[in-house]
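Enquirer: Mind looking over this structure? Questions follow.
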Amino acid sequence: MRRIFFFIAEAFRALRRSASPSLAAIVTVVMTTLLLGVFIPVIRASSTTTENVQSQLALYVYMYPDATKKQAQAAEKRINKIHRVKNTDFVSPNEGLNRLRENIGKSEIGKGITQLQGKNPLPYSVVVHPDDPNDLPAIQRAITPPGKHAKPISPAIQEVNSGQKAAQAIRTVTNAVKVMLTVIAALLLIVSLLLIANTIRLSIYARRREVEVMRLVGATNWFIRWPFVIEGLVVGLTGAAIAVGMLWIGKVTIIDPLAENFALIDNFSTVGFVPLIIVLLAASIVVSALGSGITLRRFLRV
Amino acid sequence: MALLRTRRRRNRAREGRTRGDDAAERPRRPPIVELRDATVVYPGGHVALERVSFEIARGEFVFVVGPTGCGKSTLIRTLIGEVRPASGEVLIAGHDIDRLRKRRIPHLRRRIGTVFQDFKLLPNRTVYDNVAYTLKVTGERRSEIRRKVPEILRLVGLQGKVHNYPDQLSGGEQQRVSIARAFVNHPPLLLADEPTGNLDPETSIGIMQLLYRINRTGTTVLVVTHDREMVDKMRRRVLALNEGRLVRDQAAATYHEESTSEFGVRVRAEMGVGEGHTNGEPIEPTASAPGS
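Top line first, the protein sequences correspond to chains A and B.
Numbers 6 to 307, taken from this note's numbering, label the letters of the first sequence in order.
Numbers 3 to 294, taken from this note's numbering, label the letters of the second sequence in order.
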């Protein structure tokens, strides 16, 4: 117990005395925590949106206009048996018309729909959702094998529309975005670790004489280490607290008003604020304390 | 107590090895420092100590002399377990340092006081805190610290400067603080690496007098120094090192027990340094005949 108080007293004494290195360490922690705090939600949001976009990719299988409901359902069954098909959506002509209205109803073309006067020109159709958007071409080949004399798996099928080009473009972009964001996140993490480790090393280097004296009078390594670890803990906690405070101010003043006006941003905030600050606080404290303890090893060689 | 037990065990083991040491020597306490063919090689191949053997009995006052780079400081670093011998044995109170586990080395250092030429005081702590630091490290009770620190500061003559910072003290006073720090635990062995290297002759005599006083309490004192004249005047055992080898082990010259003040008076007289010189004032020691 006596020792714990001694360690804490020593840590605060060191913080008070070497105010400018401590301040530098705290600022480093604030900056990196802030960066991470902004980046983690952005990365999460963008990766979920790309997932959304990808999940919307599907094959649209249209039947001949004269195909009966039974024929169309038989075709759907066969499609369902194809490898890597997740599920299918049976769309009757009426429902197809409703969907069309929803999609383009308000535009100029949409007004044309009201002029149909009860006639529905749409055929039965089936929407095919794949396990993975990258499987779309394979599934399409399975439904309508390529080649002049090849026939689709069901005679009722007139054509398959995959929006192949658009899908391809979306796939490439989303994959690239994913890779890029992951790389940036990894770099950011490495940079923050190095920055914090370096700052800690500087502050320990400034006190190597103290460490030398401690060793001379017979302090055990852990006895020397504890004040530094506690110091790192305090630095990490302070830095993270400041950063979280700034993030919170940013959230309240910038993001929240925007979210009220734009549903888009609201959808984006996929990471809860509370879990985020808990992760950030824990990470900066652990990194700072561990950083202090590990960096000290160099000075503790007997 | 634990120290004692392990020492006995080691003793037995050693006697087993040498097959029939005479039984009369068995109950003897092992010498406080013993080197047997100790060789220390630094990384890079520099041989700092080469097959050095000597014994220092408890309560001795020993000088180690020699030119720069002869291995004097390495000797000190070896004795506190900072450097390990490449071959040979280094025993402190019968313990082979090389066989000491790394974890135990701090405990070894608590039993050895060390004093350096550059004092190694913590600049942002008061005299009191610098000395109390040793006791805090060893987990001493606060009441014990409050009792021991003023006591040791009185012994070194700094009772009036308890709350000063090191940079407010003269070199001699700083060295006294560092001696107080080294001796506050009352270790059985005190190592001093050039303790008077930065000090003028008058102040040096004061420091030597202090070390002599500590020696008279029963502590073994080993002083590494350049100060030939001081060594001659002290008339104590001298180990001379040259290029890592022990070239001379001169037993204590004929000297009689003298009190600390007698010692001070005699050395001052012989070195031609009078009492009452202010500290820091350069003094030319009159070249009195060295054949005293």
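Idealized CB from N, CA, C, for every residue including glycine.
#1: Quick check: is the beta carbon of A:Arg22 nearer than 9 Å to any beta carbon in chain B?
#2: Starting from A:His134, follow the beta strand (DSSP E) in both directions and report where the run begins and ends.
#3: Please name the residue, chosen from B:Arg250, B:Arg144, B:Leu124, that lies closest to B:Leu171 on a Cα-to-Cα basis.
#4: Using a Cβ distance threshold of 8 Å, determine whether the stretch 71–86 of chain B contacts the stretch 191–203 of chain B, with at least three qualifying pairs required.
#5: Please identify, using Cβ separations under 7 Å, the residues of the stretch 156–168 of chain B that lie next to chain E, in order along the chain.
#6: Could you tell me whether the Cβ of A:Leu301 comes closer than 9 Å to any Cβ of chain B?
#7: Can you round the beta-carbon distance between B:Thr80 and B:Val43 to whole angstroms, since I take them to be within the 8 Å contact cut?
#8: Using beta carbons (cut-off 9 Å, strictly below), is A:Met251 in contact with chain B?
#9: Evaluate the contact criterion for the stretch 218–229 of chain B versus the stretch 57–68 of chain B: three or more CB pairs, one atom per stretch, below 8 Å.
#10: If the cut-off is 7 Å on Cβ atoms, which residues from the stretch 105–135 of chain B count as contacting chain A, listed in chain order?
#11: Tell me the rounded alpha-carbon separation between A:Gln308 and A:Thr177.
#12: Whose Cβ in chain A lies nearer than 7 Å to the Cβ of B:Val139?
#13: Nearest-angstrom Cα distance between B:Asp23 and B:Ile107?
#14: Would you call the CB atoms of B:Val139 and B:Val151 closer than 9 Å?
#15: Where in the stretch 94–121 of chain B do unbroken runs of the alpha helix (DSSP H), each at least 4 residues long, occur, reported from the N-terminal end onward?
#16: Give a yes or no on whether 9 Å exceeds the smallest Cβ distance from B:Arg60 to chain A.
#17: For a contact meaning CB atoms closer than 8 Å, what does A:Phe11 contact in chain B?
#18: At the 9 Å Cβ level, is A:Arg213 part of the contact set with chain B, yes or no?
#19: How big is the Cα-Cα spacing for B:Gly90 and B:Ile114?
#20: Return yes when the Cβ of B:Asn187 is within less than 9 Å of the Cβ of B:Asp137, no when it is not.
#21: State whether the stretch 10–21 of chain A contacts the stretch 229–243 of chain A, with contact taken as three or more CB pairs (one from each stretch) at a distance under 8 Å.
#22: Between the Cα of A:Ser197 and those of A:Lys82, A:Arg8, A:Ser23, A:Gly42, spot the shortest distance and give me the residue it belongs to.
#23: If you measure between the beta carbons of B:Leu160 and B:Ala182, is that distance less than 9 Å?
#24: Are the C-beta atoms of B:Ile207 and some chain A residue less than 9 Å apart?
#25: Could you check whether the stretch 89–106 of chain A touches the stretch 129–143 of chain A, counting it as contact only if at least three pairs of C-beta atoms, one from each stretch, sit closer than 8 Å?
#26: Classify A:Arg21 as helix, strand or coil using the three-state DSSP reduction.
#27: Can you say whether B:Leu82 is buried or exposed, counting buried as having 16 or more other CB atoms within 10 angstroms of its CB?
#28: Short of 8 Å in beta carbon distance, which residues of its chain neighbour B:Val49, apart from the five on each side in sequence? Order them along the chain.
#29: Take A:Leu199 as the anchor and find which of A:Leu20, A:Val34, A:Ala16 has the nearest alpha-carbon.
#30: Going by C-alpha to C-alpha distance, which of A:Ser51, A:Ser159, A:Ala143, A:Asn103 sits closest to A:Gln76?
#31: Using a Cβ-Cβ cutoff of less than 6 Å, which residues in the same chain neighbour A:Val292 once the five nearest sequence positions on both sides are dropped?
#32: Only counting the same chain, and skipping five residues up and downstream in sequence, which positions put a Cβ closer than 7 Å to that of A:Ala29?
#33: Among the residues of its own chain, which have a CB less than 6 Å from the CB of A:Arg303, if the five just before and after it don't count?
#34: Considering Cα atoms alone, identify which of B:Pro168, B:Phe118, B:Asp229, B:Pro189 is closest to B:Asn217.
Expert: Judging by the given coordinates:
#1: The residue you call residue 22 of chain A lines up with position 17 of the first sequence. Judged by the 9 Å Cβ criterion, A:Arg22 is in contact with chain B.
#2: Here residue 134 of chain A refers to the residue found at position 129 when the first sequence is read from its first residue. First-last of the beta strand (DSSP E) with A:His134: 130–135.
#3: As a first step, residue 171 of chain B is located in the second sequence; it is residue number 169 there, counting from the start. When only C-alpha atoms are compared, the closest one is B:Leu124.
#4: yes
#5: Here chain E cannot be found, since the structure's protein chains are A and B.
#6: As a working note, residue 301 of chain A is residue 296 in the first sequence. With 9 Å as the cut-off, A:Leu301 does not count as an interface residue toward chain B.
#7: The residue labelled residue 80 of chain B in the question sits at position 78 within the second sequence. The residue labelled residue 43 of chain B in the question sits at position 41 within the second sequence. Actually they are not in contact, since the Cβ atoms of B:Thr80 and B:Val43 sit about 11 Å apart, beyond 8 Å.
#8: Indexing the first sequence from 1 puts residue 251 of chain A at position 246. Chain B, which has no Cβ nearer than 9 Å to the Cβ of A:Met251, makes this no.
#9: yes
#10: Ile107, Pro108, His109, Arg111, Arg112, Thr116, Lys122, Leu124, Asn126, Tyr135
#11: Lying outside 6 to 307, the shown extent of chain A, residue 308 of chain A is not represented and no answer is given.
#12: The count along the second sequence starts at 1 and reaches residue 139 of chain B at position 137. The answer, in chain order, is Met219, Val222, Gly223, Ala224, Phe228.
#13: Taking the first residue of the second sequence as position 1, residue 23 of chain B is located at position 21. Taking the first residue of the second sequence as position 1, residue 107 of chain B is located at position 105. Low local confidence applies: a pLDDT of 45 at B:Asp23 is under 50, so the model's placement there is unreliable, with the coordinate-based value given in what follows. Rounded to whole angstroms, B:Asp23 to B:Ile107 spans 30 Å at the Cα level.
#14: Along the second sequence, one-based indexing puts residue 139 of chain B at 137. Along the second sequence, one-based indexing puts residue 151 of chain B at 149. Result no, Cβ atoms of B:Val139 and B:Val151 do not sit closer than 9 Å.
#15: 107–112
#16: Counted from its first residue, the second sequence places residue 60 of chain B at position 58. Closer than 9 Å: no.
#17: Looking up residue 11 of chain A in the first sequence gives position 6. Those are Lys138, listed as they occur along chain B.
#18: Locating residue 213 of chain A in the first sequence gives position 208, where the first residue counts as 1. Judged by the 9 Å Cβ criterion, A:Arg213 is not in contact with chain B.
#19: Here residue 90 of chain B refers to the residue found at position 88 of the second sequence. Here residue 114 of chain B refers to the residue found at position 112 of the second sequence. Whole-angstrom Cα-Cα distance: 21 Å.
#20: Within the second sequence, the letter at position 135 stands for residue 137 of chain B. Within the second sequence, the letter at position 185 stands for residue 187 of chain B. One point to set straight first is that residue 137 of chain B is Leu, not Asp, in the sequence displayed. Contact flag set, yes.
#21: yes
#22: As a first step, residue 197 of chain A is located in the first sequence; it is residue number 192 there, counting from the start. Per the Cα distances, A:Gly42.
#23: Against the second sequence, residue 160 of chain B aligns to sequence position 158. Against the second sequence, residue 182 of chain B aligns to sequence position 180. Contact flag set, yes.
#24: Taking the second sequence and counting its residues from 1, one reaches residue 207 of chain B at position 205. No, because no Cβ of chain A sits closer than 9 Å to the Cβ of B:Ile207.
#25: yes
#26: The count along the first sequence starts at 1 and reaches residue 21 of chain A at position 16. Helix, per DSSP.
#27: Here residue 82 of chain B refers to the residue found at position 80 when the second sequence is read from its first residue. The amino acid at residue 82 of chain B is misidentified as Leu; the sequence shows Ile. Per the 10 Å Cβ criterion, buried.
#28: Position 47 of the second sequence, counted from the first residue, corresponds to residue 49 of chain B. Closer than 8 Å at Cβ, skipping near neighbours: Thr41, Val42, Val43, Gly246.
#29: Position 194 of the first sequence, counted from the first residue, corresponds to residue 199 of chain A. Nearest C-alpha to A:Leu199: A:Val34.
#30: On the first sequence, position 71 is the one that residue 76 of chain A refers to. It is A:Ser159.
#31: Position 287 of the first sequence, counting from 1, holds the residue named residue 292 of chain A. Correct list, in chain order: Ile201.
#32: Position 24 of the first sequence, counting from 1, holds the residue named residue 29 of chain A. Correct list, in chain order: Thr204.
#33: Locating residue 303 of chain A in the first sequence gives position 298, counting from the first residue. Hits under 6 Å: none found.
#34: For the purposes of this step, residue 217 of chain B is taken as the residue at position 215 of the second sequence. Closest by alpha carbon: B:Pro189.
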